[in-house]
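Here the structure is laid out as structure tokens; the discussion comes afterwards.
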Amino acid sequence: MKVLAKKLVAAMTSHAVLAVLFLTALTLSGGSQPRKPRRTRPAAQRSSRAARRTEAVDARRFAGEVHVAAGRAGDSARNWQEFWAQSEEYAAEAWQAWQDAEKQLARTRAATAFRSPHFLQTPSVYAENEKFLHRAAAKAVDRGDLPSTVLVDLAAGEGGWNPMLHPVEQELVLQMATAAVRRHMFEQATEAEESAWHDAQLAMAVRDSLRREAGEASVRAAALARYLPGRERAAAPALRPSLVHQTA
């Protein structure tokens with residue numbers, strides 16, 4: 000009987016130990032089902048996402064740079080248009096000055112026909128004629144009809160000026176020189192106006208091209224904006240695709 004009792008006690012002790020171990024394991028596991036393994040994105044998908052993010056950042060930066068360039072090109076085009084307008088106005092003034100000089104030349108020629116054919120050339124008359132020539136030339140230089148080099152030539156007795164001529168004839172020579180100078184100034188002004196027009200057209204073409212490129216870059220940057228990092232997307236300035244239409 001004692002042997003049987005000992006076996007029963009050992010059996011009960013073994014079952015109790017197994018029960019305790021089972022309850023301990025159940026408690027540690029929380030009584031829940033085993034967790035599913037965490038899913039990870041494939042390496043190819045992560046690489047594609049990173050490439051898109053880089054592309055979006057580059058597109059945003061390029062669009063900003065082109066917008067700045069388009070703005071500067073617009074300022075340059077306005078400056079060239081203003082310069083062209085000024086050149087056109089100057090050319091018109093030069094043409095009018097030339098026409099006025101030609102009219103004055105015609106009146107001087109008519110007056111020359113009525114002067115005395117002969118006059119006594121004395122030292123005093125010669126001196127008066129020379130003074131008249133210098134005064135008339137100085138006035139023409141002050142008006143801008145003749146270059147200042149004329150006065151230098153007169154002082155040096157060069158340039159073909161003849162102080163012995165009658166004042167009417169001297170006036171005719173001065174007026175002929177004035178008409179020639181005014182015509183030359185008009186031709187120079189015309190060339191300058193044509194050059195300014197060409198430069199203005201070129202500047203406007205560059206402006207329009209950059210505006211179109213800026214508009215296209217804005218559209219592309221907007222299409223890729225969802226790939227930007229959250230902080231960069233929130234801080235990114237709004238670009239204007241409407242620049243593509245501003246080609247006036």
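Under numbering that gives the first Met the number 0, residues 0 to 247 are what the sequence shown spells out, in order. Heads up, the beta-carbon is just placed ideally off N, CA and C, and yes, glycines get one too. Predicted model, so just to flag it, every value in this text is computed and none were measured.
Taken through DSSP and simplified to helix, strand or coil, M163 comes out as coil. The beta carbons of R219 and A76 sit about 25 Å from each other, so the pair does not count as a contact at 8 Å. The count of Cβ pairs closer than 8 Å, one atom from the stretch 88 to 97 and one from the stretch 178 to 192, reaches three, so the stretches are in contact. Pairwise C-beta distances place the stretch 56 to 65 out of contact with the stretch 157 to 171, as fewer than three of them are shorter than 8 Å. Excluding its 5 nearest sequence neighbours in each direction, A136 has C-beta neighbours in its own chain below 7 Å: L145, V149, L150, L153 and L173, listed in chain order. In the structure shown, the three-state DSSP call for E157 is coil. Nearest to A195 by C-alpha distance, out of A109, Q85, F113 and P122, is Q85.
Taken through DSSP and simplified to helix, strand or coil, A176 comes out as helix.
Burial state of A109 is exposed, judged by a 10 Å Cβ sphere holding fewer than 16 other Cβ atoms. Using a 10 angstroms sphere on the CB of V65, the tally of other CB atoms reaches 16 or more, which defines it as buried. For the 8 Å CB-CB criterion, A199 and W83 form a contact.
When secondary structure is reduced to three states using DSSP, G214 falls in the helix class.
In the three-state scheme derived from DSSP, where H, G and I count as helix and E and B as strand, Q120 is classed as coil. The C-beta separation of Q120 from M163 comes to about 7 Å, placing the pair in contact by the 8 Å criterion. Nearest C-alpha to E92 among L132, R106, E186 and A105: E186.
Here DSSP, grouped into helix, strand and coil, assigns L223 to helix.
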